[in-house]
Amino acid sequence: AQSVTQLGSHVSVSEGALVLLRCNYSSSVPPYLFWYVQYPNQGLQLLLKYTSAATLVKGINGFEAEFKKSETSFHLTKPSAHMSDAAEYFCAVSGTGTASKLTFGTGTRLQVTL
Amino acid sequence: DTAVSQTPKYLVTQMGNDKSIKCEQNLGHDTMYWYKQDSKKFLKIMFSYNNKELIINETVPNRFSPKSPDKAHLNLHINSLELGDSAVYFCASSLGAGNEKLFFGSGTQLSVL
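Protein chains in written order, with our numbering: chain F, 224 to 337; chain V, 290 to 402.
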């Protein structure tokens with residue numbers, strides 16, 4: 224079974240500041256890890272995906288995440304926050320194989336202030 | 290052209306009614322899903338179909354019945370609606386059952402009064 228824990232349901236940063244959203248995972252098999260973003264009144268969009276090819280994964284909109292097996296973490300970062308980054312961010316995990324399904328974290332709301 | 294479209298966007302209904310939500314994807318994907326997002330934003334899978342065949346059926350009351358007439362459509366029918374069914378329901382699709390890049394619709398906000 225797989226699960227993810229997102230630390231902090233709400234994170235507030237100033238525009239231009241570093242964004243750090245935390246995610247820890249638990250998995251009995253090598254995990255596939257994901258970050259999705261949900262803008263208000265919209266469905267989720269994939270930001271980035273880790274599939275064991277490289278530990279540092281670059282995604283869209285300047286976001287990246289680093290897989291750290293020793294810490295069972297997959298934190299999402301962005302060097303400089305923009306107002307348009309304000310959204311809900313979800314970490315997710317799945318096992319390998321067919322019919323595997325994503326298990327989502329509880330989400331972190333990112334607020335960006337001037 | 291919307292990739293994953295679901296209708297209606299909002300659904301307000303009384304307890305005990307039966308309602309349906311429709312979903313269509315034009316991406317040529319084989320796999321479709323229904324997810325439920327509760328008021329705390331927690332997102333949980335309900336069902337998944339691959340090429341019209343049910344492959345994931347989570348612990349969901351049997352009042353919920355998915356139907357996939359073809360691989361581009363996955364509808365959700367809910368009988369005898371209850372207050373606790375109020376949530377946002379998201380349809381999603383992926384290339385295959387093992388490909389976890391999901392494309393989501395914009396959601397259907399269901400309010401049961």
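Glycine residues also receive a C-beta, built at the ideal position from the N, C-alpha and C atoms.
Integer Cβ distance of residue i from residue j, believed to fall under 8 Å
i	j	result
Phe336 (chain V)	Asn346 (chain V)	6 Å
Leu267 (chain F)	Gln261 (chain F)	5 Å
Ala381 (chain V)	Val293 (chain V)	7 Å
Tyr322 (chain V)	Leu399 (chain V)	Actually they are not in contact, since the Cβ atoms of Tyr322 (chain V) and Leu399 (chain V) sit about 17 Å apart, beyond 8 Å.
Ser357 (chain V)	Tyr338 (chain V)	4 Å
Thr295 (chain F)	Asn247 (chain F)	5 Å
Ala240 (chain F)	Ala304 (chain F)	5 Å
Per-residue DSSP class, three states only, for residue i
i	result
Met321 (chain V)	strand
Leu372 (chain V)	helix
Ser354 (chain V)	strand
Ser250 (chain F)	strand
Lys292 (chain F)	helix
Ser307 (chain F)	helix
Asn284 (chain F)	helix
Gln265 (chain F)	coil
Leu243 (chain F)	strand
Thr291 (chain V)	coil
Ser382 (chain V)	strand
Lys360 (chain V)	coil
Ser237 (chain F)	strand
Val377 (chain V)	strand
Leu279 (chain F)	strand
Leu316 (chain V)	coil
First and last residue of the uninterrupted beta strand (DSSP E) at residue i
i	result
Glu311 (chain F)	310-317
Thr397 (chain V)	397-401
Met335 (chain V)	332-339
Glu342 (chain V)	342-346
Ser275 (chain F)	Taken as a continuous stretch (DSSP letters only), Ser275 (chain F) belongs to no beta strand (DSSP E), as it is neither H nor E.
Leu300 (chain V)	299-302
Lys390 (chain V)	Unbroken run through Lys390 (chain V): none, as it is neither H nor E.
Thr336 (chain F)	331-336
Val227 (chain F)	225-230
Ser328 (chain V)	From DSSP, Ser328 (chain V) is part of no beta strand (DSSP E); its letter is neither H nor E.
Lys324 (chain F)	No beta strand (DSSP E) holds Lys324 (chain F); DSSP gives it neither H nor E.
Contacts around residue i, its chain only, beta-carbon distance under 8 Å, and the 5 residues preceding and following it disregarded
i	result
Ala315 (chain F)	Val227, Leu256, Phe257, Trp258, Tyr259, Leu325, Thr326, Phe327, Gly328
Glu389 (chain V)	Ser383
Gly330 (chain F)	Gln229, Ser232, Gln261, Glu311, Tyr312, Phe313
Thr336 (chain F)	Ser235, Val236, Ser237, Glu238
Cutoff 6 Å; reference residue i; Cβ partners in own chain excluding five residues on either side
i	result
Phe353 (chain V)	Ile367
Asp327 (chain V)	Ala376
Tyr273 (chain F)	Leu256, Val280, Phe290
Gly396 (chain V)	Val377, Phe379
Asn306 (chain V)	Leu370
Residues of its chain near residue i, where Cβ-Cβ distance is below 7 Å and the 5 sequence neighbours each way are ignored
i	result
Glu371 (chain V)	Met304, Val401
Ala309 (chain F)	Leu333, Gln334, Val335
Give, in chain order, every residue of the region 267-278 of chain F whose Cβ lies closer than 8 Å to some Cβ of chain V. Leu267, Gln268, Leu269, Lys272
Within 8 Å of chain V by C-beta, residues of the region 289-312 of chain F in sequence order: Glu311
Report the residues of the region 371-382 of chain V with a CB closer than 7 Å to any CB of chain F, ordered along the chain. Phe379
Anything in the region 254-266 of chain F with a Cβ closer than 9 Å to a Cβ of chain V? List those residues in chain order, please. Contacts with chain V (Cβ-Cβ distance below 9 Å) from the region 254-266 of chain F involve Tyr255, Phe257, Tyr259, Gln261, Asn264, Gln265, Gly266, listed in chain order.
Can you list, in chain order, the residues of the region 224-237 of chain F whose Cβ is nearer than 7 Å to any Cβ on chain V? none
Output needed in chain order: residues of the region 337-359 of chain V with a Cβ under 9 Å from some Cβ in chain F. Answer set for the region 337-359 of chain V: Ser337, Asn339, Ile344, Ile345, Glu347.
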